[in-house]
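One structure is given here, and the rest of the page talks about it.
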Amino acid sequence: MRAAALVLPLAAFILATFVAPLAVMLGRSLYDPLVADALPQTLRLLRAWDGERTPPEAVFESMARELLQARREKSLGRVATRVNRVQAGLRSVLLKSARRLRGTPGSGAWREAMIAIDPKWGQARTWHAVRRAGERFTLRHYLHALDLDQAPGGGIVRQPPDLRIYLPLLRRTLAVSLGITLLCLLLGYPIAYLIANAPPRRAHLLLLLVLVPFWTSLLVRTTSWIVLLQTQGVINDLLAALGLIAEDQRISMIYNMTGTVVAMTHVLLPFMVLPLYSVMRTIPPLYMSAAASLGASFLQAFRRVYWPQTLPGVAAGSLLVFILAIGYYITPALVGGQSGQLISNMVAYHMQQSLNWGLAAALGGLLLGGVFLLFLVFNRLVGVDRMRLG
Amino acid sequence: MILNRSGRLSLGLPAQAPGADRRPGRPIPAWPLLLLAVLILGPRLALAESLTVVSWGGSYARACVKAYHEPFTAESGIRIRLEDYNGGLAPIRAQVETGNVYWDVVDMDVADAVRGCDEGLLEPIDAGQLPPGADGAPAEKDFFPGSLTECGVGTLFYSTIYAYNLERFPGAKPSTLADFFDLEKFPGRRGMRRTPQVNLEFALMADGVPMDQVYAALRTQEGLDRAFRKLDSIKDQIVWWEAGAQPPQMLADGEVTMSTAYNGRIFNAQVLENQPFVIVWDGHVLDIGQLAIVAGSPNLEAARKFLSFATTVRSMVAVGRYISYSPARQSGTALISTHLETGVDMRPHMPTTPENLAGGLHYDWQWWSDHIDEMNLRFIAWLLR
Numbered sequence: 187m188r189a190a191a192l193v194l195p196l197a198a199f200i201l202a203t204f205v206a207p208l209a210v211m212l213g214r215s216l217y218d219p220l221v222a223d224a225l226p227q228t229l230r231l232l233r234a235w236d237g238e239r240t241p242p243e244a245v246f247e248s249m250a251r252e253l254l255q256a257r258r259e260k261s262l263g264r265v266a267t268r269v270n271r272v273q274a275g276l277r278s279v280l281l282k283s284a285r286r287l288r289g290t291p292g293s294g295a296w297r298e299a300m301i302a303i304d305p306k307w308g309q310a311r312t313w314h315a316v317r318r319a320g321e322r323f324t325l326r327h328y329l330h331a332l333d334l335d336q337a338p339g340g341g342i343v344r345q346p347p348d349l350r351i352y353l354p355l356l357r358r359t360l361a362v363s364l365g366i367t368l369l370c371l372l373l374g375y376p377i378a379y380l381i382a383n384a385p386p387r388r389a390h391l392l393l394l395l396v397l398v399p400f401w402t403s404l405l406v407r408t409t410s411w412i413v414l415l416q417t418q419g420v421i422n423d424l425l426a427a428l429g430l431i432a433e434d435q436r437i438s439m440i441y442n443m444t445g446t447v448v449a450m451t452h453v454l455l456p457f458m459v460l461p462l463y464s465v466m467r468t469i470p471p472l473y474m475s476a477a478a479s480l481g482a483s484f485l486q487a488f489r490r491v492y493w494p495q496t497l498p499g500v501a502a503g504s505l506l507v508f509i510l511a512i513g514y515y516i517t518p519a520l521v522g523g524q525s526g527q528l529i530s531n532m533v534a535y536h537m538q539q540s541l542n543w544g545l546a547a548a549l550g551g552l553l554l555g556g557v558f559l560l561f562l563v564f565n566r567l568v569g570v571d572r573m574r575l576g
Numbered sequence: 138m139i140l141n142r143s144g145r146l147s148l149g150l151p152a153q154a155p156g157a158d159r160r161p162g163r164p165i166p167a168w169p170l171l172l173l174a175v176l177i178l179g180p181r182l183a184l185a186e187s188l189t190v191v192s193w194g195g196s197y198a199r200a201c202v203k204a205y206h207e208p209f210t211a212e213s214g215i216r217i218r219l220e221d222y223n224g225g226l227a228p229i230r231a232q233v234e235t236g237n238v239y240w241d242v243v244d245m246d247v248a249d250a251v252r253g254c255d256e257g258l259l260e261p262i263d264a265g266q267l268p269p270g271a272d273g274a275p276a277e278k279d280f281f282p283g284s285l286t287e288c289g290v291g292t293l294f295y296s297t298i299y300a301y302n303l304e305r306f307p308g309a310k311p312s313t314l315a316d317f318f319d320l321e322k323f324p325g326r327r328g329m330r331r332t333p334q335v336n337l338e339f340a341l342m343a344d345g346v347p348m349d350q351v352y353a354a355l356r357t358q359e360g361l362d363r364a365f366r367k368l369d370s371i372k373d374q375i376v377w378w379e380a381g382a383q384p385p386q387m388l389a390d391g392e393v394t395m396s397t398a399y400n401g402r403i404f405n406a407q408v409l410e411n412q413p414f415v416i417v418w419d420g421h422v423l424d425i426g427q428l429a430i431v432a433g434s435p436n437l438e439a440a441r442k443f444l445s446f447a448t449t450v451r452s453m454v455a456v457g458r459y460i461s462y463s464p465a466r467q468s469g470t471a472l473i474s475t476h477l478e479t480g481v482d483m484r485p486h487m488p489t490t491p492e493n494l495a496g497g498l499h500y501d502w503q504w505w506s507d508h509i510d511e512m513n514l515r516f517i518a519w520l521l522r
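Residue numbers (my numbering), protein chains in the order written: chain H, 187 to 576; chain G, 138 to 522.
Pasting the structure below:
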């Protein structure tokens, strides 16, 4: 009981700064009442519409009145932006109509008046878009995040090829994260082995060499890679000075995928080395000697005695690096150029530029779900209680 | 690009106001509170008579400072804090929606000003309150059609042109928009702004679409495909820029052989730095720059005063003495004179000079304000391919 009280501040802190914002953001990906609140009557009437012919006069009248009302309340712009996301081009139709309808026509003439302002009011497509934008709970953002869309008549279709962004990016992100995880494992395993089996004094020194970059600011490390890798950078200068490459053949190693992979591998390497080290430290060196004395070659001993014992560390390090890599944002943004961008950069784009927070939240939700799944699979295969995180 | 025009690292992180997420907390002793109050309120009190004006940086912002920021401060005693940005509504929306507005007046392109106005992010402007023209004509009549919108007041005409570095083309010289896309005749890397706006128009015109049919073509899928196909043909040679000050820099450094740019920036590099740049006016895209006041600006009165001052004929003409952008008021056209620092006649360099105007496309901000989100996605998808 008292122990619970001790963690209460931390629990409250996590609730307020992590769980609650996360829940709010995920809520945004599914729930958007803005249009529904602005056009309640119209949406109610549209429910009875057959979906093919131009809707009846009553729908037009209610739409016109609610547009004018939204204009008075200054929410029209936001409503129009939402509808425009379902079908591009409707933004100005809504705004223009509200502006011109001020000289209100008599009853019975709303339909003609609105179609006269813009013929799009006469198309069923427009009303389908309004109806869809008016859904309070919607899976639209998740569909968009998977490069899918709802067809006007219902049913799900793929986006046209020139609008497919997220699936290719998601695939790229997964591939890059896997590649970085493998690179980290290849580079980190020997280092961890070296540290774990060195005499204490040297081990401390080596450990410090891993920890110092780990403690250094991410930005400092990323920008140092820029200094090293850019076309007028240290490495290219060196190669050119040695005559290995011609002045006009400098290698572009940054602002592309190479930059992203190199910088991210470096940044994430300690997350692999530390769990590996902590596991290897507990493996008595005598096991390898025993295997050798029983006639096993080094490779055999490694494969059958040492490697299996390090698996919890390998699993922990890989999981850690992979999960971190999948959501990485700043490093690709700085050194990725155009071809080295990952899915998190699109999340940032929708958070900061297009301000389509619903879609940003859906992309984030997909990533979160993916990581969760991965965790479950890992738990099944390795067992979380066997993992050693450091 | 990670360094923006002012040389700071730009991470694409949103600007955050100091104190943006202050929350009521538990009681704390009085003296730190007092200290905090002094720290927070002190600067605000000191800034009471000051305005934050946001502009596009570089030589354009410098021209505005000389032409009307400094005279305004001298006349009214209101100090001006200048900030830079690269356009877009995101920072304004963030400020208005969190109720923490710290920008007062923003220099915007018309498409953004109209969208911002529709969304309630900008203060409506009463055109009747604006000062009359040089000939006494009321403001509504004096402004060129299209330069006054509900929330934005036009200040000047500017064009997106392309320019090349003369030293890189000793033989044949590029002279048409098609040449910009012709890598065989004119090899070398090209600079382009990292947005779909203007680039799609350039691509279509270079591909042979007549000027008056460009936007009709963009309304169709075939037209869009055609534009992106044209961009595709030079894609691996494009270096993208974001801030208006970058293209002259990239041309001078030899990073690109030609680049799209704002005409005034290239002009300034020509006359002030003697750079061997040549502007190609063929198919330039003409747009209007506007000033607008952010909704909920804490200095609304001062902002209105500033806006009136900045959009007088005198201010517009004064800007045109530092950079080659022409007045958005009809009575200003006759008053265009010489470049103040070098004495160069400004008339031939203005985007609205008849010879230049003839080859120019009027930017359709109405179409863009509807389609910018969709086009941005298409553009990003294309960049990723």
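Beta carbons are placed, not taken as given, at the ideal position from N, Cα and C, and that holds for glycine. Computed from a predicted model, the values in this text were never measured in an experiment.
Original post:
Would the beta-carbon of Ile473 (chain G) be found less than 8 Å away from any heavy atom of the ligand MN?
Top reply: As presented, the structure is devoid of all ligands, the ligand MN included, so that no description of it is given.
Original post:
What does Ser192 (chain G) pair with, by DSSP beta-bridge criteria?
Top reply: G:Asp221
**OP:** Whole angstroms is fine: what's the gap from Leu337 (chain G)'s alpha carbon to Arg199 (chain G)'s?
**Re:** 30 Å
**OP:** Check each candidate in G:Thr397, G:Val422, G:Glu478 and name the one with the smallest Cα separation from Arg331 (chain G).
**Re:** G:Thr397
**OP:** With DSSP as the reference, label Gly253 (chain G) as helix, strand or coil.
**Re:** helix
**OP:** For chain H, find out if any of its Cβ atoms is closer than 9 Å to the Cβ of Ile517 (chain G); answer yes or no.
**Re:** yes
Subject >> Beta-carbon contacts of Val290 (chain G) that lie in its chain and below 7 Å, excluding the five residues immediately before and after >> reply: Ile262, Leu267, Gln427, Leu428, Leu444, Thr448
**OP:** Could you spell out the range, first to last residue, of the alpha helix (DSSP H) harbouring Val269 (chain H)?
**Re:** 262–272
Subject >> Continuous beta strand (DSSP E) assignments of at least 3 residues falling wholly in the segment 399–452 of chain G >> reply: 414–430
Original post:
Are the beta-carbon atoms belonging to Phe488 (chain H) and Met474 (chain H) less than 9 Å from one another?
Top reply: yes
**OP:** For Leu184 (chain G), name the three-state secondary structure that DSSP assigns.
**Re:** Below a pLDDT of 50, predicted positions are generally treated as unreliable, and Leu184 (chain G), at 47, falls in that range; no measurement from the model is reported.
Subject >> 8 Å contact criterion, which Ser525 (chain H) and Asn442 (chain H) should meet: CB distance rounded >> reply: 5 Å
**OP:** Return yes when the Cβ of Arg277 (chain H) is within less than 9 Å of the Cβ of Ala284 (chain H), no when it is not.
**Re:** no
Original post:
Does the Cβ-Cβ distance between Ala587 (chain H) and Gly213 (chain H) come in under 9 Å?
Top reply: The structure shown does not extend to residue 587 (chain H), since chain H is modelled only from 187 to 576, so the question has no answer here.
**OP:** Can you grab the Cα-Cα spacing for the pair Tyr205 (chain G) / Pro384 (chain G), in whole Å?
**Re:** 26 Å
**OP:** Return helix, strand or coil for Trp307 (chain H), following the three-state DSSP convention.
**Re:** helix
Original post:
Can you give the Cα-Cα distance for Val557 (chain H) and Pro228 (chain G), rounded to whole angstroms?
Top reply: 32 Å
Subject >> Interface residues of chain G facing Lys260 (chain H) [CB-CB closer than 7 Å] >> reply: Gly257
Original post:
Residue ranges of each alpha helix (DSSP H) run of no fewer than 4 residues wholly in the segment 379–458 of chain H, ordered along the chain?
Top reply: 386–401, 404–415, 420–427
Subject >> Cutoff 6 Å; reference Phe516 (chain G); Cβ partners in own chain excluding five residues on either side >> reply: Pro333
**OP:** State the DSSP-derived secondary structure class of Tyr301 (chain G), mapped to helix, strand or coil.
**Re:** strand
Original post:
If you follow the alpha helix (DSSP H) that Asp335 (chain H) is part of, which residue opens it and which one closes it?
Top reply: Element bounds for Asp335 (chain H): not the alpha helix (DSSP H) but the beta strand (DSSP E), 334–336.
Original post:
How big is the Cα-Cα spacing for Tyr500 (chain G) and Pro324 (chain G)?
Top reply: 28 Å
**OP:** Kindly indicate if chain H contains any beta-carbon less than 9 Å away from that of Asn336 (chain G).
**Re:** no
**OP:** Compare the beta carbon distance of Arg387 (chain H) and Ala449 (chain H) with 9 Å and say whether it is the shorter of the two.
**Re:** no
**OP:** Out of H:His452, H:Leu454, H:Gln418, point me to the one whose CA is closest to Ile437 (chain H)'s CA.
**Re:** H:Gln418
Original post:
When the Cβ atoms of the segment 525–545 of chain H are set against those of the segment 456–466 of chain H, are three or more pairs found closer than 8 Å?
Top reply: no
Original post:
Quick one: which chain H residues come within Cβ less than 8 Å of Asp249 (chain G)?
Top reply: By Cβ distance, chain H contributes nothing, its closest Cβ being about 12 Å from Asp249 (chain G), past 8 Å.
Original post:
Is the beta carbon of Asp348 (chain H) sitting closer than 9 Å to the one on Ala354 (chain G)?
Top reply: no
**OP:** Quick one: residues in its chain with C-beta nearer than 7 Å to the C-beta of Arg305 (chain G), no 5 flanking neighbours on either side, listed in chain order?
**Re:** Gly325, Thr394
Original post:
For Leu325 (chain H), which residues from the same chain have a beta carbon less than 6 Å from its beta carbon, with the 5 sequence-adjacent residues on both sides left out?
Top reply: none
**OP:** Return the chain-ordered ranges of every alpha helix (DSSP H) run that is complete within the segment 238–283 of chain G and spans a minimum of 4 residues.
**Re:** 247–255, 276–279
**OP:** Output the distance between the C-alpha atoms of Ile412 (chain H) and Leu368 (chain H), rounded to the nearest integer angstrom.
**Re:** 23 Å
Subject >> Spatial distance of Asp158 (chain G) from Met211 (chain H) (CA atoms) >> reply: Low confidence applies here, because Asp158 (chain G) scores a pLDDT of 39, under 50, leaving its location unreliable and the question unanswered by this model.
Original post:
Looking only at C-alpha atoms, which of H:Thr468, H:Ile351, H:Leu395, H:Gln495 sits nearest to Arg522 (chain G)?
Top reply: H:Ile351
Original post:
If you measure beta-carbon to beta-carbon, which residues of the segment 249–275 of chain H are closer than 9 Å to chain G?
Top reply: Lys260, Ser261, Leu262, Gly263, Arg264, Ala266, Thr267, Asn270, Arg271, Ala274, Gly275
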